[in-house]
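Protein chains in written order, with our numbering: chain A, 4 to 330; chain B, 4 to 209.
Using N, Cα and C, we set each Cβ at its ideal position, and we do this for glycine too.
This report concerns only the one structure given below.
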Amino acid sequence: MLSLGIESTAHTFSCAVIEKKGKQGTILSDIRKIYRPPEGEGIHPREASRHHAENSPEVLSECLKKANVKINDLDIVCYAAGPGLGPCLRIGAVVARSLASYYDIPIYPVNHALGHIELGKMLTGAKDPLVLLVSGGHTMILAFLSKKWRVFGETLDITLGQLLDQIGRYAGFASPCGPKMEELASKSKEYLPLPYVVKGNDVSFSGLLSATKRIIPKGIESTCFSLQETAFSMIGEATERALSFTGKTELLVVGGVAANKRLSDILSSICKRHNCKFFVAPKEYAGDCGSQISWVGLLESSKKMGTNLEDTFVKQSWRLDNIEVLY
Amino acid sequence: MKLLKKGAEADIYTASWNGQNSILKIRKKKDYRIHSLDIRIRTLRTIRESKMISEVKSFGIPTPLVYFVDEKKCEMYLQFIHGKLIRDLPATQIIRTCKEIGRIVGILHKNGVMHGDLTTSNFILTQKGLVILDFGLSQKTDKIDDYAIDLRLFKEVLNSAHAQIVDDAWALFILGYQKILGKNITEKIINQVLVIEKRGRYANVV
Chain A
4 MLSLGIESTA HTFSCAVIEK KGKQGTILSD IRKIYRPPEG EGIHPREASR
54 HHAENSPEVL SECLKKANVK INDLDIVCYA AGPGLGPCLR IGAVVARSLA
104 SYYDIPIYPV NHALGHIELG KMLTGAKDPL VLLVSGGHTM ILAFLSKKWR
154 VFGETLDITL GQLLDQIGRY AGFASPCGPK MEELASKSKE YLPLPYVVKG
204 NDVSFSGLLS ATKRIIPKGI ESTCFSLQET AFSMIGEATE RALSFTGKTE
254 LLVVGGVAAN KRLSDILSSI CKRHNCKFFV APKEYAGDCG SQISWVGLLE
304 SSKKMGTNLE DTFVKQSWRL DNIEVLY
Chain B
4 MKLLKKGAEA DIYTASWNGQ NSILKIRKKK DYRIHSLDIR IRTLRTIRES
54 KMISEVKSFG IPTPLVYFVD EKKCEMYLQF IHGKLIRDLP ATQIIRTCKE
104 IGRIVGILHK NGVMHGDLTT SNFILTQKGL VILDFGLSQK TDKIDDYAID
154 LRLFKEVLNS AHAQIVDDAW ALFILGYQKI LGKNITEKII NQVLVIEKRG
204 RYANVV
């Protein structure tokens with residue numbers, strides 16, 4: 004079965020084709036174009052959606068060409084219907100609807116967060132993991148229980164990705180700022196005290212954000228180092244608590260911040276302590292991409308029919324724990 | 004000394020203290036945390052827990068006795084409590100204990116203490132009733148928001164680990180809670196729980 008997945012929730016516009024044989028999926032192509040805001044600024048939803056609209060034909064045709072697939076060969080079309088930025092979501096939805104109606108292909112709206120998790124599971128082989136989803140849009144600790152992904156811990160305010168991006172932008176870097184900050188952090192060993200807020204299994208980053216802004220004048224390298232150490236330790240502790248509470252024997256880390264080496268070092272040391280297998284989504288597929296969407300669509304298509312065109316939707320706020328998983 | 008449980012925050016051993024059956028709780032060094040941060044967190048929590056666990060007794064809250072605290076080593080000897088963790092009870096029994104849990108949490112809040120880690124694994128059911136544990140994240144506070152955070156965490160735990168019984172359990176919890184704090188304050192705090200949930204990512208709480 005061949006599936007086209009379209010991702011356009013935030014700064015990435017991506018198309019990907021996956022072929023599914025039995026339970027096994029093969030990514031035939033995954034093409035991305037990323038909107039880059041000017042240095043020191045964040046995503047402007049209108050500009051990002053303009054970027055997506057302008058680049059969508061090229062990304063789509065390159066994706067089909069690389070996969071060596073014609074549109075007529077596709078069995079299903081899937082798009083990320085939320086959560087994300089409204090103007091951006093609509094671009095992906097319009098592309099998907101156009102293909103679905105013109106070529107008469109079944110269409111599947113997919114939850115973006117579910118995409119991160121399911122592709123992560125497929126690529127790493129994790130069976131029943133505790134999942135840590137860390138990106139610009141999410142910071143959640145989840146486990147699967149009676150048909151739903153249940154939230155065992157999450158951020159009470161901003162996400163880990165937002166925290167890093169906001170400090171980065173404040174210091175004048177181009178977003179996404181994670182990689183740049185990781186590089187700067189690796190040059191320092193000087194820890195400046197910052198607030199550490201863990202509330203049960205949950206974390207809160209807003210106070211840490213304000214406090215970090217105040218220490219930037221003491222040196223950007225030690226600021227990045229101290230920020231990473233504090234924020235990642237908080238995530239580490241919340242994860243460890245959830246791991247100990249649920250008794251899961253696997254941990255899977257997905258989302259853009261999963262690419263951070265220091266974070267995965269911390270988490271793998273926690274897993275060692277709890278005799279737990281540790282999986283990280285491969286760097287290439289940690290960030291937003293069409294493969295995530297394509298794969299969830301394939302899983303869903305095994306249990307349900309495509310959505311009627313008039314019922315296809317985009318939802319800016321669409322929590323993962325509201326979705327019943329059938330497959 | 005026998006390892007009873009490797010917890011997230013501390014390791015729990017059975018040990019003896021002056022001939023008494025006791026629990027040794029050690030907040031071990033975490034290699035993944037930077038040293039100065041690690042020592043700050045472990046010391047603070049050990050001291051805070053030992054103080055609070057004794058103090059709340061005066062409100063009539065059943066907690067283990069503290070026998071000895073070594074804040075340098077971040078360890079403490081506590082009374083051994085015989086019983087079962089609420090988390091591991093059968094569903095119907097969990098529902099039944101929720102009212103009492105609500106009552107205990109109500110008494111804590113009434114006296115200006117937030118627990119900070121209200122999960123079903125921090126309560127033990129003994130023959131004489133419920134005992135509440137683990138005050139490492141507790142705090143003295145008079146903020147509605149802090150009390151609401153306690154309630155939200157408990158709701159989150161019910162919602163995730165005990166999804167099948169969440170509605171009944173939550174209703175009973177509130178009933179017990181309200182008995183202590185009264186209808187007005189309880190409603191205020193529940194409203195604040197909704198506010199916190201709305202702050203959450205992509206929430207569509209009505």
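Asked: Does the structure place the stretch 213–226 of chain A close enough to the stretch 165–184 of chain A that three or more beta carbon pairs sit under 8 angstroms?; Found: yes
Asked: So B/Lys9 contacts chain A; which residues on that side make the cut at Cβ distance below 8 angstroms?; Found: Ser247, Arg276 and His277
Asked: With distances taken Cα to Cα, identify the nearest neighbour of B/Ile127 among B/Asn194, B/Ile64, B/Ala18 and B/Arg30.; Found: B/Ile64
Asked: Specify, as a first and last residue, the run of the alpha helix (DSSP H) that A/Ala289 falls within.; Found: Lys286 to Ala289
Asked: Quick one: Cα of A/Pro112 to Cα of A/Cys81, how far?; Found: 6 angstroms
Asked: Taking only the alpha-carbon atoms, compute the straight-line gap between A/Ser247 and A/Tyr106 and give it to the nearest angstrom.; Found: 50 angstroms
Asked: Is B/Arg30 closer than 8 angstroms to B/Thr49 when the C-beta atoms are compared?; Found: yes
Asked: Any beta carbon from chain B within less than 8 angstroms of A/Trp298's own beta carbon?; Found: no
Asked: Check the Cβ-Cβ distances between A/Pro182 and every residue of chain B, and say whether any is below 8 angstroms.; Found: no
Asked: In chain B, which residues lie less than 8 angstroms from A/Glu57 when you measure between Cβ atoms?; Found: The premise fails here: A/Glu57 is roughly 27 angstroms from chain B at the closest Cβ pair, so nothing lies under 8 angstroms.
Asked: Apart from the five residues just before and just after A/Lys221, which ones in its own chain have a Cβ nearer than 7 angstroms to its Cβ?; Found: Leu195
Asked: Step through the CB atoms of chain B and report whether any lies within less than 8 angstroms of the CB of A/Leu254.; Found: no
Asked: Would you report the Cα separation of B/Ile110 and B/Gln130, rounded to the nearest angstrom?; Found: 21 angstroms
Asked: Leaving out five residues on either side along the sequence, give the residues of the same chain with a beta carbon under 7 angstroms from the beta carbon of B/Val160.; Found: Thr122 and Thr123
Asked: Going by DSSP, which residues form a beta bridge with A/Arg35?; Found: A/Ser17
Asked: Does the CB of B/Gly119 have a neighbour CB from chain A at under 8 angstroms?; Found: yes
Asked: Under DSSP, the beta strand (DSSP E) around A/Tyr111 begins and ends at which residues?; Found: Ile110 to Asn114
Asked: Which two residues bound the contiguous beta strand (DSSP E) that contains B/Lys5?; Found: Lys5 to Lys9
Asked: Indicate the three-state DSSP secondary structure (helix, strand or coil) for B/Val208 in the structure shown.; Found: Since pLDDT at B/Val208 reaches only 44, below the 50 mark, its modelled position is unreliable, and the value read off the structure follows with that caveat. Of the three classes helix, strand and coil, the one that applies to B/Val208 here is coil, per DSSP.
Asked: Counting C-beta neighbours from all protein chains within 10 Å, is the total for A/Asn263 16 or more, i.e. buried, or is it exposed?; Found: buried
Asked: Identify the contact partners of A/Phe155 in chain B, using a Cβ-Cβ distance below 7 angstroms as the criterion.; Found: Ser163
Asked: Could you check what DSSP says for A/Tyr105 in three-state terms: helix, strand or coil?; Found: helix
Asked: Report the rounded CA-to-CA distance for A/Glu327 versus A/Val20, giving the unit in angstroms.; Found: 25 angstroms
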